[in-house]
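Protein chains: 2
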Amino acid sequence: MSLSYLRHLRTSSPPIIHAASLRTGVWRKVPTYLRSLSSATLADIDPSRLEVIRTSKPKEIPPSSSLKFGHTFTDHMLTIPWTVEAGWGVPQIRPYGPLELEPSSTVLHYAQTIFEGMKAYQDPNGRVTLFRPDMNMKRMNTSAYRIALPTFDGDALLELIKKLIRIDKSWIPREPGHSLYVRPTLIGNQRAIGVAPPNEALLFVILSPVGPYYPNGFKPVSLYGTTEYVRASPGGTGAFKLGVNYAPGILPQKHAAGQGYDQNLWLHGPEHYLTEVGTMNMFVVFNKDGGYELVTPPLDGMILPGVTRDSVLTLAREHASGVKTIPGLPRNITVSERPVTMKEVKEASKSGRLAELFGAGTAAVISPVDKIGYLGEDVHIPTGSDGMGPISRPIWTELVGRQTGAIPSDWSVVVE
Amino acid sequence: MSLSYLRHLRTSSPPIIHAASLRTGVWRKVPTYLRSLSSATLADIDPSRLEVIRTSKPKEIPPSSSLKFGHTFTDHMLTIPWTVEAGWGVPQIRPYGPLELEPSSTVLHYAQTIFEGMKAYQDPNGRVTLFRPDMNMKRMNTSAYRIALPTFDGDALLELIKKLIRIDKSWIPREPGHSLYVRPTLIGNQRAIGVAPPNEALLFVILSPVGPYYPNGFKPVSLYGTTEYVRASPGGTGAFKLGVNYAPGILPQKHAAGQGYDQNLWLHGPEHYLTEVGTMNMFVVFNKDGGYELVTPPLDGMILPGVTRDSVLTLAREHASGVKTIPGLPRNITVSERPVTMKEVKEASKSGRLAELFGAGTAAVISPVDKIGYLGEDVHIPTGSDGMGPISRPIWTELVGRQTGAIPSDWSVVVE
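Each protein sequence line maps, in turn, to chains A and B.
Using this note's numbering, you'd call the opening residue of the first sequence number 1 and step up by one each time.
Using this note's numbering, you'd call the opening residue of the second sequence number 1001 and step up by one each time.
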C-alpha cells in the first residue's frame, strides 16, 4: 500500500466521514440521498419524555477491590427505541436486565452495532464528573451514520446519561484510579434478515464500576508486530467506533499471546506503518534536536479518532506553544501527526533516538510499551523505572488530574 | 495494492484460513495455542440430547405470493447454547420467539456473530432436499474459528437442522422457484464487555419461506463501481461469512442507489480489481478463441468461498473436461480463477470481447448485470432477450434443476 494511494483515498472519498467532522459537524453536510438515513425530520431524542422505573431489588454494591473490568453492572440502564416511522421514542431508565431481541434482528446477523466508552469520576466530596463527553456524542453520530443507524441530538442523549449516572451514583467507586465506565450502544433490530437500513433500532446505556487499569503501578506491555492480519484498511471502517472493528481482533490477539506478547501492534501495508495498539491509539516519541518529537499516525481513515488521543495531542501542543504549562513536560517538544514505519522505530531503537512508545485509550488512559516483536526479533523500547517515559509521565499526570477534576479544566463536565 | 503484495499475504499467513480448508478440514490443523479456542475437548453438539417443545399456537401460513425475502419465519427454531466450561449444551427445538440477551452480551458490542444461508426445496411429491449443506457446515466452522467462537461437529448440526425442517415442513412453499431459506447463526453472548474469546455462545437456526428472487423473469441489475469503500482487504475478514462483512456495506449501497445503480461492484486497489457484487460472488465471461473464458476472482483472502460460486465453477469445469454434459453450454469454455481489472472489462466491452457478467449467491442464484457505472461513464454489458447470457443461461438451468431435485445429483441431500 503506497502512501500516495492512501493520500488518494484520503482526498477522493467525499462520502467518507473524516475525523474533522467530530468538531465541525460535517456529517450533516452530506448528499440528500445519504441524509435520508438520518432521522432529521422525525422525532429526536427528547429528555422531557423520560420515564423512570426504579428497581425494586437493588443489588449489593461489591467492594471496589473485587472489580474486574466490564463484569459488574449497576442497578439501572437507559433504553431509547427508534423506528423509521416515528423516529426516537420514549427514553426509559429501568432496572438493568436482559433485552428481548427477535432472532431475526439485524444486529445478530449483520453486525449493525456501534458503541462508545467514557468514564464518570467521583471526587472525595461526592462531586461527579464526565470527561469530554461531547466528543463521544459527536463520534457516536459519525459512527451511526457510517453504518446506516439513526443519528440523534448528542446533547439530549448526554442529558439522559447524566440522569442515569445520578440515579446510580452510589455505584461510583471513590478510590483513586477508580471510575464508572459508561457504555452507550446503538443496535439495528429490524425483525427481518436483509442487508438494508433497519426500520427499528435500540439505543441503550449501561454502567460498570471499574478499578484502575494498573492497580500496582505501570507495567509496560510487550507488542507483537502483526503483519498477518489488519485491523483496518483504506476505504474500511477503522475511523469509526463500530462493533465490526473489534471481534475480528480477538484471534490476532490470541496469536500474539501465543508468541509470548501481550497485545497486537497493527502494522499496515508493505511499509509496515504503525497504526494502533490492541484497541488503543498509539504514540511514539523520538529524541530530536536536544528535545522530543511526539508522533501519532494521522487520521487517514484507518485510525480511530480517540478522545484520549486528541487529549494527549492537545495538551502537548498547548504546552509546546506556551499556551499552558504542564509540570514536568519538556518545553522542546514537536507534535506530529504523520505516518511512522517500523523501519524508523527499529532504527531509532538501535541508535538510541527512541525515547518511548505508548498506547492511549479510555480504559487504560496511557499504556507504556517496552518491546515489539517484529519479524522474529525484539525491538527494545526504553521505559523509566516507574514504567513510563519522559513525555507520557507528565502527560498522564495532567490527564488523570483533569479527568478526576483534581486539576480544573473545561474538559471535566459536572454531572452532580 | 500490488498483486505481489496480495501474493505475499496469500502465502505468508499461516493462521489465516484459506478456502481450501472448506474441503480438507485444514482449520483443525492449527497451532495449539489457537486450537484452544475450539471446543475439541468439551461436549460437542449431540443430536441425541435434543428436546422438542412444540408451539401451542401455530401461525397461519401466508400465501406464497405474499412472501418478502427474510420477513416471514416458521413456527419453530433451533437453539444450542455453549459455555467454555461444558462445551455444547442441550439442543432445543422450540417455538419461534425472542431471545433474551444481557445488554452486556459480546455480540451487541463487538459484533461477534457468524451466519450461513442455505435453501430447502420441496418437490411436488413432498420430497424435501437441501443443496450442498455440508459446504455450509464446513464454512460455518471456519468462520467460527476466525472470530473466536466455538467450532462444532457440522454433521451433528445438520442432523438437527433436518429435524427442524421436518417439523416445519408444511411451511415450505411448493411453487416453482420457491424454497425455505435456512439461517444458522452463532453469536458470542458473554455477559461482560471486553474484547476476548467469549465464555458463552448461542447457536440458533431460523427458517424463512421465500419466493423466487426474480418472480417475473430475469431482470439484469446495474452496478456502481465502488472505489470509495472496500468490502474486504488483505489480512481482513472477507473470506469468512462473518456479520462484520455486511452492515458496513449498507451505506455504500445507498451511495450506489443515489447514483442511480442497483448495487455495488466492489473494486479493490489502484488497479480496480473486481471482487464481489453487493453480497454475491461474481463472474465475467469473455469471448476467447471462438469460445469463452469464464473468470471469477481467486480465493485470495478477500473473496467469500461461496457455495454457488463453487457450484458454477464445478459445473463449468466438468462440462469443459467432458466429465458431464450440461445441455446448451458451449463446449469450448475455459474456466479461470484469476484477478480481473476494470481496465480489462472496459476494453472487452468496447471491443466486443465481453460476453456477460453476473453475480452468484444463494439468495438470487444467478444475477445478470447489464451495466457498470465506472469513473463517470457506463460500461455496457451484453445480455440476451431473457436477461441472461450464453454461459449463465445453461448453468442456471442445471443449477436450479439440481437444487430442486429435478436433475438428480449428489449435491441434493434428502431431508424427508
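Glycine included, each C-beta is placed from N, C-alpha and C at the ideal position.
Query, Result
"Beta-carbon proximity of B:Arg1146 to B:Thr1237, cut-off 8 Å", "yes"
"C-beta neighbour in chain A for B:Ile1206, strict 8 Å", "yes"
"A:Ser409 - DSSP class collapsed to helix/strand/coil", "coil"
"Own chain, CB closer than 8 Å to B:Ile1395, minus 5 neighbours either side, in chain order", "Val1312, Leu1315, Ala1316, Ile1326, Leu1329 and Ile1366"
"Alpha-carbon spacing of B:His1255 relative to B:Gly1373, whole angstroms", "12 Å"
"Beta-carbon proximity list for B:Pro1077, same chain, < 7 Å, skipping 5 on both sides", "The question names Pro, yet the displayed sequence has Met at residue 1077 of chain B. So the list reads Arg1094, Tyr1096, Phe1204, Val1205 and Ile1206, once near-sequence residues are dropped."
"Within 9 Å of chain B by C-beta, residues of the region 255-273 of chain A in sequence order", "His255, Ala257, Gly258, Gln259, His268, Gly269 and Pro270"
"C-alpha distance - A:Val295 paired with B:Ala1043, whole-angstrom precision", "50 Å"
"Option in B:Ser1048, B:Leu1101, B:Ile1167 and B:Val1415 with minimal Cα separation from B:Pro1058", "B:Ile1167"
"Bridge partners - A:Glu377, DSSP secondary structure assignment", "A:Tyr374"
"Between the CA atoms of B:Gly1258 and B:Ala1247 - distance to the nearest angstrom", "18 Å"
"Any non-hydrogen atom of the ligand ATP within 7 Å of B:Glu1377 CB", "Among the ligands in the structure shown, none appear at all, so the ligand ATP cannot be discussed."
"B:Val1285 to A:Lys288 span [Cα, whole Å]", "58 Å"
"Continuous alpha helix (DSSP H) stretch holding B:Tyr1110: start and end", "Thr1106 to Tyr1110"
"8 Å Cβ cutoff, A:Pro197 in contact with chain B", "yes"
"One or two residues paired with B:Ile1114 in a DSSP bridge", "B:Leu1186 and B:Leu1242"
"Buried or exposed (CB count within 10 angstroms, at least 16 for buried), A:Gly290", "exposed"
"Residue of A:Thr41, A:Glu271, A:Phe218 and A:Arg183 minimising C-alpha distance to A:Thr226", "A:Glu271"
"One or two residues paired with A:Pro95 in a DSSP bridge", "A:His76"
"Nearest candidate by alpha-carbon position, reference A:Ala348, set A:Arg338, A:Gly387 and A:Glu293", "A:Glu293"
"Buried or exposed (CB count within 10 angstroms, at least 16 for buried), B:Asn1281", "buried"
"Counted within 10 angstroms of its Cβ, other Cβ atoms place A:Leu149 as buried (16 or more) or exposed", "buried"
"A:Ile465 versus B:Glu1200: straight-line alpha-carbon distance, rounded", "In the structure as shown, chain A starts at 1 and stops at 416, and residue 465 of chain A therefore has no counterpart that could be examined."
"Option nearest B:Glu955 by Cα separation, candidates B:His1178, B:Gln1253, B:Ala1320 and B:Thr1041", "In the structure as shown, chain B starts at 1001 and stops at 1416, and residue 955 of chain B therefore has no counterpart that could be examined."
"A:Ser65 and A:Gln190 closer than 8 Å at C-beta", "no"
"Beta strand (DSSP E) segment containing A:Asn281, residue limits", "Asn281 to Lys288"
"Three-way DSSP call (helix, strand, coil) for B:Ile1457 in this model", "Nothing in the structure corresponds to residue 1457 of chain B, since chain B is present only between 1001 and 1416."
"Selection of the region 1088-1104 of chain B by Cβ proximity to chain A, strictly under 9 Å", "Tyr1096, Gly1097, Pro1098, Leu1099, Glu1100, Leu1101, Glu1102, Pro1103 and Ser1104"
"Backbone secondary structure at B:Lys1350 - three-state DSSP", "helix"
"Residue span of the beta strand (DSSP E) that contains B:Ala1264, given as start and end", "The amino acid occupying residue 1264 of chain B in the given sequence is Asn; Ala does not appear at that position. Gln1263 to His1268 is the span of the beta strand (DSSP E), which, as asked, contains B:Asn1264."
"Reduced DSSP category for B:Gln1122 - H, G, I as helix; E, B as strand; rest coil", "strand"
"Cutoff 7 Å; reference A:Arg49; Cβ partners in own chain excluding five residues on either side", "Val90 and Pro91"
"Sequence-distant residues of its chain with Cβ nearer than 6 Å to B:Thr1397 (five each side left out)", "none"
"Residues, ordered as in the chain, of the region 54-86 of chain A that lie near chain B by beta-carbon distance below 7 Å", "Phe69, Gly70, His71, Phe73 and Met77"
"C-beta neighbour in chain B for A:Thr419, strict 8 Å", "Not covered by the structure: residue 419 of chain A. The range shown for chain A is 1 to 416."
"Within chain B, partners of A:Ser412 - CB distance below 8 Å", "Those do not exist, as A:Ser412 stays about 24 Å from chain B at its closest Cβ, beyond 8 Å."
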